[in-house]
Amino acid sequence: MKKTVLLLFLLLLLRPPLLSARGFTGTGICPTRSQAEKEALADLSQAIHVEVVSDFSSVVTQTATTADTLKTKHLQISSRLPLLGATVSVVPSGTEFSATARLSEDALPLYSKEITETCRSITRALTRADTFGSHAEKIAVLEEALTALDRFQRLSLVARLLGGTAPAAPEVTEAGLKARIRKLEQKADTLDDGLKRMAGHFTQKGIYVFPPATGTSREVTPFASAVKNHLSVFLDTCPTPATAAFILTGEYTVTGQGVELTCRLMDRQQNTLQTAMACFLPPACQGYRTQPETLDFQKLIASGMVVSSDFSVDIKTADGRTDLLYTSGESITLLIKMNRPGYFYLMGHAFKETPYTYLVELNDAPGDRRFIAYVGPDDAGKWIELGEFEAVAPFGVETVQIYAATGDLEANVPRTFQDPSTGLFKVGSPETGGSRPSNAVATTRGLMRKKKKETAHAEASLTITTMAR
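Just so you know, the sequence shown maps onto residues -21 to -1, 1 to 448 in mature numbering (1 follows the signal peptide of the UniProt record, and there is no 0).
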């Protein structure tokens, strides 16, 4: 039997589009018709994101070059893209419903129309900005232009992936707009001062606030956590992304004068509704680490990513895939999905005090079988809950890796030993205290490269940050 192997890290779920170079598809199998439709559309969006990741998997730096800035922006926006003209078909399948969502080049006219109107919105906003006298009025219309520019970038990205010609970009750039706003924006010397002013832009009810990202890192820094917590106080929020009417995402940049924060409000259809900026002076950021600690490891994961052609595995938490932050005592629910029957095991890379890598026990079988689980034909294509994991001390950053194959994996399980102090099965040997995460990744990839040429591979990563309350 041909053995197909896939290595997946969950930050950028690398699964290829299933139609053609100019089309994408997603599937969903759920107990109800509406749930299946939603899952199929989410799967479709992820397939588009995967295509962007496969194009830009070499982006592993945070340099300020134009090319790197563009690629980084594409990676950031591709996880939430507007789907215009997507079709969904649903058929009963036993006691469940099977849905398929498709987006093809037939939708290009819709994207072209929206792109044209969005460009006009940018032009109108810039014209109004030149006529207003007060700083507050100028900032408001410049932020309108920033919102329209974000929508233009998201629409244009999908249109190009569908085979459309690249639309003429607006004369203004995101950096240019932010620079104009920065000159007008009042600088905040406390976190609450700046975030309270920012919250005035977002008066909608039922908002879920994600911690802002920084550059290409998916780690949630203490500053990002503080932004989420403090900003939520001034907004009408809901506890989970699944129940939210709106989501608030953003990113920040550390400058020589402090921190520049940009937040965007989006609806359930991934449309950017509003954008707001806040500039914080150094005193406002004191006591919070603003730079990610695991950037080098995330660069290692990002380098050399590949895409599986016929076998895919997906992993997420109940709260999504990105900007994952949990505090002491909160539960982390992991779910996996495979498109075909097969085996898998989970490897965790922990950056807590002393970094280490470990395997997750999935059953009570003896030996290495305890780490391996099987997805049968009846469960292929469905989300399977692996259980709840509690956020406990020591806190820090952790990356979850899933290794899956259509054949048995027992011979591929890394060597482990049970650490008496934690009870975890750490990768490596007790003499060395275990392998460092970078060495564990290199070892796994070394095993992959020894496989037969017909073996398919893919990678992505899921980064989880835990903190004390």
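Using N, Cα and C, we set each Cβ at its ideal position, and we do this for glycine too.
Quantities reported herein were computed from a predicted structural model and do not represent experimental measurements.
- When the alpha-carbon of Leu441 is set against those of Gly299, Thr110, Thr241, the nearest one is in Gly299.
- Val188: member of the beta strand (DSSP E) spanning 186 to 188, first to last residue.
- Within the DSSP secondary-structure output, His328 pairs in a beta bridge with Thr336, Thr378.
- Taking all protein chains in view, the Cβ of Pro190 is crowded by 16 or more other Cβ atoms within 10 Å, so the residue is classified as buried.
- Arg243 sits in a strand when the DSSP states are folded into three classes.
- DSSP, reduced to helix, strand and coil, places Ile311 within a strand of the structure shown.
- Taking 8 angstroms as the cut-off, the Cβ atoms of Ala80 and Ala19 count as close.
- A Cβ-Cβ distance of about 6 angstroms is found for the pair Leu214 and Phe181, placing them in contact under the 8 angstroms criterion.
- DSSP, reduced to helix, strand and coil, places Gly299 within a strand of the structure shown.
- A contact between stretches requires three or more CB pairs, one per stretch, nearer than 8 angstroms, and the region 107 to 122 fails this requirement with the region 79 to 96.
- In the structure shown, the three-state DSSP call for Arg59 is coil.
- With fewer than three CB-CB distances shorter than 8 angstroms, the region 135 to 147 does not count as touching the region 203 to 221.
- Contact check between the region 190 to 206 and the region 221 to 240: three or more CB pairs, one atom from each, fall below 8 angstroms, which counts as touching.
- For Phe131, the enclosing alpha helix (DSSP H) starts and ends at 114 to 140.
- Here Glu377 is buried: its Cβ has 16 or more other Cβ atoms, across all protein chains shown, within 10 Å.
- Within the region 183 to 226, the complete beta strand (DSSP E) segments at least 3 residues long are 186 to 188, listed from N- to C-terminus.
- Leaving aside the five residues that flank Pro149 on each side, the residues in its chain whose CB is nearer than 8 angstroms to its CB run, in chain order, Cys98, Ile101, Thr102, Leu128, Phe131.
- According to the DSSP secondary-structure assignment, Met446 is paired through a beta bridge with Thr306.
- When the beta-carbon positions are compared, Ala383 and Gly321 come within less than 8 angstroms of each other.
- The way I'd put it, the region 310 to 329 does touch the region 337 to 351; three or more beta-carbon pairs between them come closer than 8 angstroms.
- DSSP, reduced to helix, strand and coil, places Ile294 within a strand of the structure shown.
- The beta carbon of Leu314 lies closer than 6 angstroms to those of Lys295, Trp362, Glu364 in the same chain, with the five residues before and after it left out.
- Of the residues Ile311, Gly266, Tyr335, Val151, the one whose Cα lies closest to the Cα of Glu122 is Val151.
- Taking 8 angstroms as the cut-off, the Cβ atoms of Leu62 and Asp168 do not count as close.
- According to DSSP, residue pairing for Phe368 in a beta bridge involves Ile311.
- Only residues of its own chain outside the window of five on either side were considered, and among them Pro271, Glu272, Thr273, Leu274, Gln277, Val376, Thr442, Thr444 have a CB closer than 8 angstroms to the CB of Glu198, listed in chain order.
- Here Leu244 is near Leu227, since their CB atoms are less than 8 angstroms apart.
- Between Glu75 and Gly2, the gap from beta carbon to beta carbon reaches 8 angstroms or more.
- Ser408 sits away from Leu304, with the two beta carbons spaced by 8 angstroms or more.
- If you look at Leu252, you'll find it in the beta strand (DSSP E) that goes 251 to 259.
- Counting every other CB atom within 10 Å of its CB across the protein chains shown gives Gly237 a total of 16 or more, marking it as buried.
- By the neighbour-count criterion, in which 16 or more other beta carbons inside 10 Å mark a residue as buried, Asp22 falls on the buried side.
- Secondary structure note for Thr79: its beta strand (DSSP E) is the uninterrupted segment 75 to 83.
- Apart from sequence neighbours up to five positions away, the residues of its chain that approach Tyr335 with a beta-carbon distance below 6 angstroms are Ala329, Lys405, Gly413, ordered along the chain.
- For Thr126, the closest alpha carbon among the candidates Tyr187, Asn250, Thr306, Gly266 is that of Asn250.
- Comparing alpha carbon positions, the residue from Ser72, Asp302, Gln14, Leu89 closest to Thr219 is Asp302.
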